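Undergrad: In our numbering, the protein residues as written are 33 to 207.
Take this structure, written in structure tokens, and hold onto it; I'll ask about it next.
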């Protein structure tokens, strides 16, 4: 009789476990459906925003062209294909320059300036540390500062930077 009670109790626990497993599977499938719906909505928004994305890309191209007269760039905005990722879109700024110094730093500068230009009310200032300018050719540094001065004159941009004296001296000669 005691063994029968133990068997009944084990059976009951097994049934509860199976129910929990089924409930978990339903929740997992519901979550996958929600992710698929979110991905579909994100893709539809992406398609609806294609003109805006092209305008954003053109603004980035214009910034890069101002800095690098002989090189081009673009900003690639696409749907993130990894549904487990915590971001919906991939945003990859690129500058096509053959091993030029400071490409990554110029990408940061161009991307930051692009963000400001897209929403100056939200980003009323930009700030860069002197490390940004360390590996950039003085000609590009001069173009970057010309671009910043132009933006300051045309908008309410406030620009804060620290710059090492040797970098300042090198690029001021290029202006």
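Ideal Cβ placement from N, Cα and C applies to all residues, glycine included.
In this text, all values refer to a predicted model and were calculated from it rather than measured experimentally.
(1) Where DSSP assigns a beta bridge to residue 125, which residues make up the other side?
(2) Please classify residue 158: does DSSP put it in a helix, a strand, or coil?
(3) For residue 121 and residue 112, which I take to be in contact (beta-carbon distance under 8 Å), what is that distance rounded to the nearest angstrom?
(4) In whole angstroms, give me the CA-to-CA distance for residue 70 and residue 95.
(5) Between the region 183 to 198 and the region 137 to 154, do at least 3 Cβ pairs fall closer than 8 Å?
(6) Let me know the secondary structure DSSP gives residue 120 once reduced to three states.
(7) Within 10 Å of its beta-carbon, does residue 159 have 16 or more other beta-carbons around it, so buried, or fewer, so exposed?
(8) Going by other Cβ atoms of all chains shown within 10 Å of its Cβ, with 16 needed for buried, is residue 177 buried or exposed?
(9) What did DSSP end up calling residue 148 once you bin it into helix, strand or coil?
TA: The short version:
(1) Sequence index remark: in the chain shown, residue 125 carries index 93 (1-based). According to DSSP, residue 125 bridges with 107.
(2) Here residue 158 corresponds to residue number 126 of the chain shown, with the count starting at 1. Here residue 158 sits in strand by DSSP.
(3) Taking the first residue of the chain shown as position 1, residue 121 is located at position 89. Taking the first residue of the chain shown as position 1, residue 112 is located at position 80. Sure, about 6 Å apart at Cβ, within 8 Å.
(4) Here residue 70 corresponds to residue number 38 of the chain shown, with the count starting at 1. Here residue 95 corresponds to residue number 63 of the chain shown, with the count starting at 1. Answer to the nearest angstrom: the Cα atoms are 33 Å apart.
(5) yes
(6) Within the chain shown, numbered from 1, the residue matching residue 120 stands at position 88. Correct three-state label for residue 120: coil.
(7) Working through the chain shown from its first residue, we reach residue 159 at position 127. The residue in question, residue 159, is exposed, as its Cβ has fewer than 16 Cβ neighbours within 10 Å.
(8) For the purposes of this step, residue 177 is taken as the residue at position 145 of the chain shown. The residue in question, residue 177, is buried, as its Cβ has 16 or more Cβ neighbours within 10 Å.
(9) In the chain shown, counting from the first residue as 1, residue 148 sits at position 116. Here residue 148 sits in helix by DSSP.
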